[in-house]
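All remarks here apply to the structure that follows.
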Amino acid sequence: MTGGTTVREALAAFRRENGLRHDEAGRRLWLLEIGGWTWPLPNFAWRRRAIDAHDVHHLLTGYPCTAAGEFEIAAWEWGAGRYPHWGATFLCFPFVLFGLATIPARTVRAFRQGRRSRSLYAAEILPGLLDMDIASARRFVAGGG
Numbered sequence: 221m222t223g224g225t226t227v228r229e230a231l232a233a234f235r236r237e238n239g240l241r242h243d244e245a246g247r248r249l250w251l252l253e254i255g256g257w258t259w260p261l262p263n264f265a266w267r268r269r270a271i272d273a274h275d276v277h278h279l280l281t282g283y284p285c286t287a288a289g290e291f292e293i294a295a296w297e298w299g300a301g302r303y304p305h306w307g308a309t310f311l312c313f314p315f316v317l318f319g320l321a322t323i324p325a326r327t328v329r330a331f332r333q334g335r336r337s338r339s340l341y342a343a344e345i346l347p348g349l350l351d352m353d354i355a356s357a358r359r360f361v362a363g364g365g
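Just so you know, we're using the numbering used here here: the sequence shown kicks off at 221 and counts up by one.
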């Protein structure tokens with residue numbers, strides 16, 4: 221760590237600011253909210269393992285927690301490296317398609333950025349990254365170290 225706000229601290233603030241639960245990885249259900257509708261869905265083991273890295277991807281890339289931001293982060297993750305489980309691919313792919321249908325240029329740009337970036341889904345990466353300062357973590361994810 222080189223000083224400044226750590227990823228761990230920024231992630232906690234990011235989740236508070238976006239109304240996200242800090243304990244999502246331990247919950248039995250998660251809530252999918254689309255267009256004013258909310259559906260409780262099973263929080264499968266693969267999703268519980270992926271959610272922290274997914275939220276850190278949002279934090280470090282700047283893609284917001286909005287519908288468009290989810291389309292962009294799905295495209296970015298598709299480019300950088302999706303979570304290696306068929307369920308994650310099944311969940312992510314429609315978001316990429318919705319992005320291509322509604323915000324095509326932004327979706328393609330996010331995918332291209334992902335191709336030049338590093339995904340945090342490899343289990344050994346995220347724990348050490350949480351104590352890095354934000355600038356160093358952004359450089360790491362951008363492929364710079």
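Virtual Cβ for every residue (Gly too), placed ideally from N, Cα, C. Quick caveat, the model's predicted, so the values are computed rather than measured.
query, result
"Indicate whether Arg228 and Asp351 have their beta-carbon atoms separated by less than 8 Å.", "yes"
"Is Met221 buried or exposed, if buried means 16 or more other CB atoms sit within 10 Å of its CB?", "Bear in mind that the predicted position of Met221 carries a pLDDT of just 45, short of 50, making it unreliable; the figure below should be weighed with that in mind. It is exposed - the Cβ of Met221 has fewer than 16 other Cβ atoms within 10 Å."
"Pick from Gly256, Ala295, Ala300: whose alpha carbon is nearest that of Arg335?", "Ala300"
"According to the neighbour-count rule (16 or more other Cβ atoms, all chains shown, within 10 Å of its Cβ), is Phe310 buried or exposed?", "exposed"
"What do you get for Arg241, buried or exposed, if any count of 16 or more other CB atoms within 10 angstroms of its CB means buried?", "exposed"
"Leaving out five residues on either side along the sequence, give the residues of the same chain with a beta carbon under 7 Å from the beta carbon of Pro260.", "Leu249, Leu251"
"Using DSSP's beta-bridge definition, name the partner residues of Ile254.", "Trp257"
"Note down, in chain order, each residue of its chain lying with its Cβ closer than 6 Å to the Cβ of Cys285, except the 5 sequence neighbours on either side.", "Asn238"
"Could you check whether Ala294 and Phe315 sit closer than 8 Å to each other, using their CB atoms as the reference points?", "yes"
"Enumerated in chain order, which unbroken segments of the alpha helix (DSSP H) with a length of 4 residues or greater are wholly contained in the region 274 to 301?", "287 to 300"
"Could you check the C-alpha separation between Gln333 and Gly348 for me, to the nearest Å?", "23 Å"
"In three-state DSSP terms, what is Met221?", "Residue confidence for Met221 is low, a pLDDT of 45 falling below 50, so the modelled location carries little weight and cannot support an answer."
"Quick one: what's got a C-beta closer than 8 Å to Thr258's C-beta in the same chain, skipping five residues either side?", "Leu251, Leu252"
"Contact defined as beta carbons within less than 8 Å: I believe Gly292 pairs with Gly256. What is the distance between those atoms, to the nearest angstrom?", "In the sequence as displayed, the identity of residue 292 is Glu instead of Gly. Glu292 to Gly256, Cβ: 21 Å. No contact."
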